[in-house]
Amino acid sequence: MSRIVDQPERYFSQLVRRNDPLLRELEQDAHAEGIPIVGPLVGELLFIISVAMRAQTILELGTATGYSAIYLARACAITAGRLTTLEIDPAFAARARKNLERAGLLPHATVICGEALPRMSEMKGPFDLIFMDIDKIDYARTLNDCHRLLRLGGLLVADNIAFPDADEFNRAIFSDAAGWQPVSLLSFLPGHSPEKDGLCLALRC
Ligand SMILES: C[S@@+](CC[C@H](N)C(=O)[O-])C[C@H]1O[C@@H](n2cnc3c(N)ncnc32)[C@H](O)[C@@H]1O
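Offset between the sequence shown (1-based) and the numbering used here: plus 563.
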């Protein structure tokens, strides 16, 4: 009978690339300050998805220090695309701008300081990809604007969908058969933000 490796999380942790000094520094800062960043595995996943779909326009909800934004903006540097990222906390927005500048990615990224819902309602889109990583209670509230802002066939990636506060979002996206084609990936992702609770990927129909 076949079986998987012992301690799969530890095993696959060794297979996550950790060769970028700036990203390592941001991981250390996040660890020291308790900032829940996505970590290298989800960062790579966001980069790969964005490049694979040749994303020209990406919207991120929840920037913090710009860690996931660096992965997304690096994809934009390849696809000649552009990242817009929203952050409610002015101090985080300023740090993110500085970190994107250090990474040489400011030509591909705009950090907007403000609350996601009103900022999104002012936007026109269309976006190819939206990465959602704000307070989980706000996921359901921003879902209509995500649908409006994504192009047909665009992709919504929502982090931490096993938080109790994401319940309304999970129910809404799975009940809206006409609007979304979702899949929830609940798994223990090595190096994922402390919660390790997986992602929802949903195609905009
Ligand atoms: C989980 S952290 C983002 C981590 C970042 N995506 C990363 O992986 O590097 C969530 C961030 O979203 C911000 N935030 C929370 N609710 C928000 C809202 N309604 N609008 C805008 N930003 C919000 C918080 O201030 C925090 O910096």
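Ideal Cβ positions, reconstructed from N, Cα and C, are used throughout, including at glycine.
Following the continuous alpha helix (DSSP H) through P690, name the residue where it begins and the one where it ends. The sequence shown places Phe at residue 690, rather than the Pro named in the question. In the DSSP assignment, F690 falls outside any alpha helix (DSSP H) and within the unbroken beta strand (DSSP E) covering F690 to M695.
For A638 and S738, what's the separation of their Cα atoms in angstroms? Whole-angstrom Cα-Cα distance: 32 Å.
Evaluate the contact criterion for the segment 653 to 661 versus the segment 684 to 693: three or more CB pairs, one atom per stretch, below 8 Å. no
C709, enclosing alpha helix (DSSP H) - first and last residue: I700 to L712
What do you reckon, is the C-beta of F726 under 7 Å from a heavy atom of ligand 1? no
Using 7 Å as the cut-off, classify the Cβ of L649 as near or not near the heavy atoms of ligand 1, replying yes or no. yes
Is the segment 634 to 654 close to the segment 666 to 684, with three or more CB pairs under 8 Å? yes
Put E623 into one of helix, strand or coil per three-state DSSP. strand
Just confirm the distance between the C-beta atoms of A666 and L585, as a whole number of angstroms; I'd bet it's less than 8 Å. 6 Å
Buried/exposed call for A595, threshold 16 Cβ in 10 Å: exposed
Inspect the CB distances between the segment 752 to 768 and the segment 705 to 717 and report whether three or more fall short of 8 Å. yes
Under 7 Å: does the beta carbon of F610 sit that close to some heavy atom of ligand 1? no
Does ligand 1 have a heavy atom nearer than 7 Å to the CB of E588? no
Under 8 Å, Cβ to Cβ, is there at least one residue of chain C near T620? Absent from the structure: chain C. Only one protein chain is present.
A632 beta carbon less than 8 Å from that of L832: The first residue shown for the chain is 564 and the last is 768, placing residue 832 beyond what the model contains.
Can you round the beta-carbon distance between G606 and Y574 to whole angstroms, since I take them to be within the 8 Å contact cut? Rounded, the Cβ-Cβ distance is 19 Å, inconsistent with contact.
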